[in-house]
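Colleague: Got a structure for you, questions after.
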Amino acid sequence: MRSPPRWEPTAAPRRCPGTGEGLARLIVDDEDRALRLCQHDAHRPQRLQVFAGLPDEEQMSAPSIQVSTISAAHVAREIKRRLYPLHAQAMEQAARLTAYQQAEPHARRAVAAAVTAALPGARLEEEHRRTRITWQHVPGPAGQHHPAQVDSLSAVVGPSGEWVQVDACGRPNSILPMLTALTQMPRE
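Position 94, counted from 1, in the sequence shown is what numbering that gives the first Met the number 0 calls 93; the numbers after and before it change by one each time, with no gaps.
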């Protein structure tokens, strides 16, 4: 036998998400799904908006339905019929997003390592969801006093290593072998 939903105690009535107006209550159903019941308009108490709770609502918006408060049985039936399928889809999407976000830095570092393997002495800088790689080389003997041309390469590896942007400048006999080496990297 299923236990009835339990109301979470709150010190004061909460405000509805989004508008900040109206009254809201948090309930947890018998399968530990969090639901927020919101009554936005005190002049129309027969309209209720029900939000399904998600682990991180900053990453994605919570699904919701509007339902008329004909009876408690009607509200429960509409939640089961309309909101729970949306909640299940949102939870699956949230799980995929979490897995992607956890795998992203590793995949990006693997691509950055492959790029730096072709560029001895390159420097790496981690930025938000990107890795910047810089490499410079001054050809010729050390201490030479005439103007030297600097060979340089800058690369940015995108999120999850999905793309690499390369900007190279220098002598053709130095830059072309590097670009060739970059194109010879094994592909997955």
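In this text, a Cβ means the ideal position worked out from N, Cα and C, and glycines have one as well.
Please list, in chain order, all residues of the same chain as Q38 whose beta carbon is under 7 angstroms from its beta carbon, the five residues on each side excluded.
Modeller: Excluding positions up to five away in sequence, the list reads G21, L22, P44, L47.
Colleague: Name the residue from A180, V114, S60 whose alpha carbon lies nearest to the alpha carbon of Q88.
Modeller: Checking every option, the nearest Cα to that of Q88 belongs to S60.
Colleague: Taking the alpha-carbon positions, what's the A167 to L175 distance?
Modeller: Going by the C-alpha atoms only, they are around 9 angstroms apart.
Colleague: Whole-angstrom Cβ separation of S159 and R107, contact assumed at under 8 angstroms?
Modeller: Right, their Cβ atoms sit about 6 angstroms apart.
Colleague: Opposite D166 in the DSSP bridges: which residues?
Modeller: Looking at the DSSP assignment, D166 forms a beta bridge with S153.
Colleague: Going by DSSP, which residues form a beta bridge with T130?
Modeller: According to DSSP, which records beta bridges pairwise, T130 is partnered with E125, V156.
Colleague: Hey, quick one: how far does the beta strand (DSSP E) through Q92 stretch, first residue to last?
Modeller: Looking at the DSSP string, Q92 is not in any beta strand (DSSP E); the run it does join, the alpha helix (DSSP H), is 83-116.
Colleague: Return the first residue and the last residue of the alpha helix (DSSP H) that S23 is part of.
Modeller: One point to set straight first is that residue 23 is Ala, not Ser, in the sequence displayed. Note, A23: premise wrong, no alpha helix (DSSP H); beta strand (DSSP E) at 22-27.
Colleague: Could you check where the alpha helix (DSSP H) with S74 kicks off and where it finishes?
Modeller: With the sequence shown as reference, residue 74 is identified as Val, and Ser is not the correct amino acid for it. Its alpha helix (DSSP H) spans residues 71-77.
Colleague: Using the three-state DSSP reduction, which class does L175 fall into: helix, strand or coil?
Modeller: Of the three classes helix, strand and coil, the one that applies to L175 here is helix, per DSSP.
Colleague: Counting pairs of beta carbons, one from the stretch 63-80 and one from the stretch 89-109, are three or more of them closer than 8 angstroms?
Modeller: Counting Cβ pairs under 8 angstroms, fewer than three are found: no touch.
Colleague: Assuming S67 is part of the beta strand (DSSP E), what are its boundary residues?
Modeller: That run of the beta strand (DSSP E) goes 63-67.
Colleague: Rounded to whole angstroms, what is the Cα-Cα separation between V49 and V66?
Modeller: So the two alpha carbons sit approximately 8 angstroms from each other.
Colleague: Per the DSSP calculation, A33 is bridged to which residue(s)?
Modeller: Partner(s): V27.
Colleague: Using 8 angstroms as the threshold, is the C-beta distance between R170 and Q148 below it?
Modeller: Cβ distance < 8 angstroms, so R170 and Q148 count as in contact.
Colleague: With 16 other CB atoms within 10 Å as the buried threshold, where does D31 fall?
Modeller: Under this definition D31 is an exposed residue.
Colleague: Which residue wins for smallest C-alpha separation from P195, given the options T68, H86, L82?
Modeller: Because the chain in this structure spans residues 0 to 187, residue 195 falls outside the shown range and cannot be described.
Colleague: Quick one: using the 10 Å Cβ neighbour count with 16 as the cut-off for buried, is M0 buried or exposed?
Modeller: A caution first: M0 carries a pLDDT of 46, below 50, which makes its placement in the model too unreliable to give a value.
Colleague: Looking at A117 and the ligand NAD, is the gap between the Cβ and the nearest heavy atom below 7 angstroms?
Modeller: The ligand NAD is not part of this structure, which contains no ligands at all.
Colleague: Tell me whether the beta-carbon of V156 lies closer than 8 angstroms to the beta-carbon of R129.
Modeller: The answer is yes: Cβ separation under 8 angstroms.
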